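To keep things clear, I will list the structure first and then write my remarks on it.
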Amino acid sequence: IDLSADLFGQTLTSPLLNASGVHCQTKEELNDLANTSNLGAMVTKSATLQAREGNPNPRYYDLENGSINSMGLPNLGYDFYLDYVLQEQTKPTILSVAALSAADAITLLKDLQASDYQGPTELNLSCPNIVGEPQLAYDFEATDRVLNEVFSFYTKPLGVKLPPYFDLVHFDKIAAVLNKYPLTHVNTINSIGNGLWVDIDQEQVVTKAKGGFGGLGGTMVLPTALANVRALRQRLNDSIKVLGTGGVTSGEDVFAHILCGADLVSVGTQVMKEGLGVYDRLAEELKAIMAEKGYQTLADFRGKLKEL
Ligand SMILES: O=C(O)c1[nH]c(=O)[nH]c(=O)c1I
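In terms of our numbering, the sequence shown opens at residue 40 and continues consecutively.
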């Protein structure tokens, strides 16, 4: 059984990654990921031009069927993560970047273009927890404008992190925009934005910022994640890879993401629940499923979801 996968020309021994934001903010956390078996590649916490404290605590809350977070984009700043990927990385790493304005995104990516970094970058267009800021990728025209400007100067590998869509026409619209650009990949989904959890005993919300509204992750988002992976795989040019993120808690969920077309699969909430040992468990479970079904490689079943 061969779990190897390709990350923009680099062969990975496992198709599994961490979801950006989970265990990837500090040098210690990034080193932990580098030393985690069955984690084929890793993604950094989305970096902004300036370091950010993020939202006040409580800002992450574990739920029976997933999680809710309102982190608010805390990160050590773009310079720190650029230095990490240039000087420290020992495992294939995707640099995640974000911005609070289109202008900041352009500034950051112009600096990245001028830097020595030649590796993969992921532009986060979907952070749901910045007070007063929309998730950019829900505005198709604005997304088109930003990507048009970015690709007027950016020539290195670049993908985007997308929010979940919930309407087939929206899948059509975002795919029509993305297919215009030489993207290496889309990473779908980000958390389901602006969910709300109620603590019955205390009769109150569980996260502080935005009155308790926060992004949802974990097993409750799996059907939405699978739909977005499948819909975008069906619509995007073959040259654009699909990284599936959302709702993975078992080998079966990894299998389902790949069956829907995912080239690689990220795990977030379950790492918060189980720790980095989850990757060994997921790899073993996936191999057992493949053996039972007679599949030798991921390509044997990738994208081959059958309709009725
Ligand atoms: O609140 C966050 O930091 C955050 N939380 C998310 O669930 N997705 C994101 O892209 C981000 I940037």
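All C-beta atoms, glycine included, are put in the ideal place defined by N, C-alpha and C.
Bear in mind that the values here come from a model prediction, so they are computed numbers and not experimental data.
Q: Could you tell me the boundaries of the alpha helix (DSSP H) in which Tyr-334 lies?
A: Position 295 of the sequence shown holds residue 334. It is not in any alpha helix (DSSP H) - Tyr-334 carries neither H nor E in the DSSP assignment.
Q. Helix, strand or coil for Leu-56 per DSSP?
A. Stepping through the sequence shown from its first residue, residue 56 is reached at position 17. Here Leu-56 sits in strand by DSSP.
Q: Could you check if Asn-108 is buried or exposed, using at least 16 other CB atoms within 10 Å of its CB as the buried criterion?
A: Position 69 of the sequence shown, counting from 1, holds the residue named residue 108. Buried, since its Cβ has 16 or more Cβ neighbours within 10 Å.
Q. Heavy atom of ligand 1 less than 7 Å from the Cβ of Pro-97, yes or no?
A. Position 58 of the sequence shown, counted from the first residue, corresponds to residue 97. Result no, Cβ not under 7 Å from ligand 1.
Q: Using only the heavy atoms of ligand 1, determine whether one of them is closer than 7 Å to the beta carbon of Met-110.
A: Within the sequence shown, the letter at position 71 stands for residue 110. Flag set: Cβ of Met-110 near ligand 1.
Q: Under 8 Å by Cβ, that's how I've got Tyr-117 and Ser-106 pegged, so tell me the actual separation to the nearest angstrom.
A: The residue labelled residue 117 in the question sits at position 78 within the sequence shown. The residue labelled residue 106 in the question sits at position 67 within the sequence shown. Tyr-117 to Ser-106, Cβ: 26 Å. No contact.
Q) With respect to 7 Å, is the separation between the Cβ of Cys-63 and the closest non-hydrogen atom of ligand 1 below this value? A) Here residue 63 is taken as the residue at index 24 of the sequence shown, counted from 1. For ligand 1, not one heavy atom lies less than 7 Å from the Cβ of Cys-63.
Q.
Starting from Ala-44, trace the beta strand (DSSP E) in both directions and tell me its first and last residue.
A. As a first step, residue 44 is located in the sequence shown; it is residue number 5 there, counting from the start. Segment 44-46, the beta strand (DSSP E) holding Ala-44.
Q) Relative to ligand 1, is the shortest distance from any of its heavy atoms to the C-beta of Gly-254 smaller than 7 Å? A) Counting from 1 along the sequence shown, the entry for residue 254 is found at position 215. Within the cutoff, so yes.
Q: Provide the residue(s) that pair with Lys-130 in DSSP beta bridges, ordered along the chain.
A: For this step, residue 130 is matched to residue 91 along the sequence shown. Answer by DSSP bridge pairing: none, since Lys-130 is not bridged.
Q | Best match in Lys-345, Tyr-220, Ala-90 and Phe-179 for proximity to Tyr-193 [C-alpha to C-alpha] | A | Position 154 of the sequence shown, counted from the first residue, corresponds to residue 193. Out of Lys-345, Tyr-220, Ala-90 and Phe-179, Tyr-220 has the C-alpha closest to the C-alpha of Tyr-193.
Q. Out of Met-311, Gly-316, Leu-298 and Thr-308, which has the shortest C-alpha to C-alpha gap to Lys-332?
A. If you number the sequence shown from 1, residue 332 lands on position 293. Among Met-311, Gly-316, Leu-298 and Thr-308, the Cα nearest to that of Lys-332 belongs to Leu-298.
Q: Please check the pair Thr-284 and Asn-226, which I expect to be a contact at CB under 8 Å, by giving their CB distance rounded to whole angstroms.
A: By one-based count along the sequence shown, residue 284 stands at place 245. By one-based count along the sequence shown, residue 226 stands at place 187. Indeed, because the Cβ distance is near 6 Å, the residues count as touching under 8 Å.
(Q) ligand 1 and Ala-137: does the residue's C-beta get closer than 7 Å to at least one heavy atom of that ligand? (A) Position 98 of the sequence shown, counted from the start, is the residue given in the question as residue 137. Yes.
Q. So what does DSSP say about Asn-70, is it helix, strand or coil?
A. Taking the sequence shown and counting its residues from 1, the one referred to as residue 70 is at position 31. In this structure, DSSP gives Asn-70 a helical state, which the three-state scheme calls helix.
(Q) In chain order, what are the residue ranges of uninterrupted alpha helix (DSSP H) at least 4 long that sit wholly in the region 284-344? (A) 290-298, 308-313 and 317-332
Q. Going by beta carbon distance, what residues of the same chain come within less than 6 Å of Lys-130, once the five residues before and after it are set aside?
A. Along the sequence shown, read from residue 1 onward, the residue named residue 130 stands at position 91. These residues qualify, in order along the chain: Ala-73 and Met-81.
Q) Short check: CB of Gly-300 to CB of Arg-269, under 8 Å? A) The sequence position of residue 300 within the sequence shown is 261, counting from 1. The sequence position of residue 269 within the sequence shown is 230, counting from 1. Against a cut-off of 8 Å, the Cβ pair of Arg-269 and Gly-300 comes out as a contact.
**Q.** Start and end residues, beta strand (DSSP E) containing Gln-49
**A.** Within the sequence shown, residue 49 is the residue found at index 10, counting from 1. Residues 49-51.
Q: Apply the 10 Å Cβ neighbour rule to Leu-186 and answer buried if 16 or more other Cβ atoms are within range, or exposed otherwise.
A: What you label residue 186 is simply residue 147 of the sequence shown in a count that begins at 1. Counting the other CB atoms within 10 Å of its CB gives Leu-186 a total of 16 or more, which places it among the buried residues.
Q: Give me the Cα-Cα distance between Gln-49 and Gly-79, rounded to the nearest whole angstrom.
A: Residue 49 sits at position 10 when you count from the first residue of the sequence shown. Residue 79 sits at position 40 when you count from the first residue of the sequence shown. Distance between the alpha carbons of Gln-49 and Gly-79 is about 10 Å.
Q: Throw me the rounded Cβ distance for the Val-124 and Tyr-156 pair, which I believe falls under 8 Å.
A: As a position in the sequence shown, residue 124 is number 85, starting the count at 1. As a position in the sequence shown, residue 156 is number 117, starting the count at 1. The pair is a contact, with the Cβ atoms about 6 Å apart (cut-off 8 Å).
Q | Boundaries (first-last residue) of the beta strand (DSSP E) holding Ile-231 | A | Counting from 1 along the sequence shown, the entry for residue 231 is found at position 192. Start and end: 231-235.
Q | Top-ranked residue by Cα proximity to Pro-196, from Leu-42, Ile-40, Phe-47 and Leu-347 | A | Within the sequence shown, the letter at position 157 stands for residue 196. It is Phe-47.
**Q.** For Lys-195, the three-state DSSP class (helix, strand or coil)
**A.** The residue given as residue 195 occupies position 156 in the sequence shown. In this structure, Lys-195 counts as coil in the three-state DSSP scheme.
Q | For His-224, the first and last residue of its enclosing beta strand (DSSP E) | A | Taking the sequence shown and counting its residues from 1, one reaches residue 224 at position 185. Counting along the chain, the beta strand (DSSP E) containing His-224 begins and ends at 224-227.
**Q.** CB of Asp-71 within 8 Å of CB of Leu-325, strictly
**A.** Within the sequence shown, the letter at position 32 stands for residue 71. Within the sequence shown, the letter at position 286 stands for residue 325. No, Cβ-Cβ distance for Asp-71 and Leu-325 is not below 8 Å.
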